[in-house]
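Step one of this worksheet: look at the structure below.
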Amino acid sequence: MIAKTDFKRPRDAMDGATFEELTAFLAQRAAVAPVAPKPEVPALAAQRLMVARGLDIVPASWPGIMAAMKTDTMPMRKGWILYGPTGTGKTVRARLAGEFAGVEVVTARHLFDELITLPFYQASRIGSLTISSRMKGSDLIIDDLGTEPQTATIYGNVRNPMAELLEERYEVWPHIRTYMTTNLTSQEIEERYGERVVSRLSEMCGTMLLYGADRRKN
Ligand SMILES: Nc1ncnc2c1ncn2[C@@H]1O[C@H](COP(=O)(O)OP(=O)(O)O)[C@@H](O)[C@H]1O
Ligand SMILES: [Mg+2]
Numbered sequence: 003m004i005a006k007t008d009f010k011r012p013r014d015a016m017d018g019a020t021f022e023e024l025t026a027f028l029a030q031r032a033a034v035a036p037v038a039p040k041p042e043v044p045a046l047a048a049q050r051l052m053v054a055r056g057l058d059i060v061p062a063s064w065p066g067i068m069a070a071m072k073t074d075t076m077p078m079r080k081g082w083i084l085y086g087p088t089g090t091g092k093t094v095r096a097r098l099a100g101e102f103a104g105v106e107v108v109t110a111r112h113l114f115d116e117l118i119t120l121p122f123y124q125a126s127r128i129g130s131l132t133i134s135s136r137m138k139g140s141d142l143i144i145d146d147l148g149t150e151p152q153t154a155t156i157y158g159n160v161r162n163p164m165a166e167l168l169e170e171r172y173e174v175w176p177h178i179r180t181y182m183t184t185n186l187t188s189q190e191i192e193e194r195y196g197e198r199v200v201s202r203l204s205e206m207c208g209t210m211l212l213y214g215a216d217r218r219k220n
């Protein structure tokens, strides 16, 4: 039979110590093994940023998505396409994600203008294209895909610069990732950029619908 006394706490060195001795002992132990502050979970940090900016957390997965851009936890290093009607908060989320993860945000219109004035771009065709590192050297968030002109006539050739850029970025994926917001449906993306681009986009990006009323009207 096990005696009850067998479970008694063994006496340790500090039993019977004075308050001062105990305080000194604890201070010494803390100095030897300081408790490291736990790093904040990135998704929680992202969520705190959303709240700090006065945004509600819709969709609930958005802080996790922002965190994945920074911590590289997204399977297959996918980017995202955030789509949905106007005023649902796509741009706000994209900018916040860019700020949080250190990824540049550029509007599709601006990117288009930059692209067509690049000497490299003007001189070459898709396939032998050397787009500047600004265009395909790093992760990029393209806001409002589909609001840029569809075609540009360069030296008499009608071209679809954004489609070409997306194809080029696919060539460097998953080394770099592309994120975008758009009002276009997948059907409209296909009409605009063609089947090749849609198939590449579906490989390099996950899609997320942001629905709801136009928040600007409230
Ligand atoms: N989660 C949110 N909480 C509060 N206001 C929001 C939220 N998301 C967007 N808004 C507001 O709604 C308006 C439209 O957002 P925006 O990102 O421009 O929409 P979209 O790009 O989808 O057209 C902006 O004034 C923005 O501040
Ligand atoms: Mg927008």
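Residue numbers for the sequence shown follow my numbering, so the first one is 3 and each next one is one higher.
From the three backbone atoms N, C-alpha and C, an ideal C-beta is built for every residue, glycine too.
Buried or exposed for residue i, please, with buried defined as at least 16 other CB atoms from any protein chain shown within 10 angstroms of its CB.
{"i": "Gly56", "result": "exposed"}
{"i": "Ile59", "result": "exposed"}
{"i": "Lys219", "result": "exposed"}
Distance, Cα to Cα, residue i vs residue j?
{"i": "Gly214", "j": "Ser63", "result": "16 Å"}
{"i": "Lys138", "j": "Arg95", "result": "22 Å"}
{"i": "Asp216", "j": "Gly89", "result": "4 Å"}
{"i": "Gly148", "j": "Arg50", "result": "31 Å"}
{"i": "Glu150", "j": "Ala110", "result": "6 Å"}
{"i": "Tyr172", "j": "Ile156", "result": "23 Å"}
{"i": "Glu23", "j": "Ala32", "result": "14 Å"}
{"i": "Phe122", "j": "Ser135", "result": "11 Å"}
Any chance the CB of residue i is under 6 Å from a heavy atom of ligand 1?
{"i": "Arg111", "result": "no"}
{"i": "Asp58", "result": "yes"}
{"i": "Arg50", "result": "no"}
{"i": "Arg194", "result": "no"}
{"i": "Gly89", "result": "yes"}
Is there at least one non-hydrogen atom of ligand 2 closer than 6 Å to the beta-carbon of residue i?
{"i": "Lys92", "result": "yes"}
{"i": "Asp216", "result": "no"}
{"i": "Asp146", "result": "yes"}
The region 197-215 contacting the region 153-170, beta-carbon criterion three pairs below 8 Å
yes
Please confirm if the region 42-49 is in contact with the region 65-84, defined as three or more CB-CB distances below 8 Å between the two stretches.
yes
Closer than 8 Å is the cut-off here; do at least three beta carbon pairs connect the region 71-85 with the region 110-123?
no
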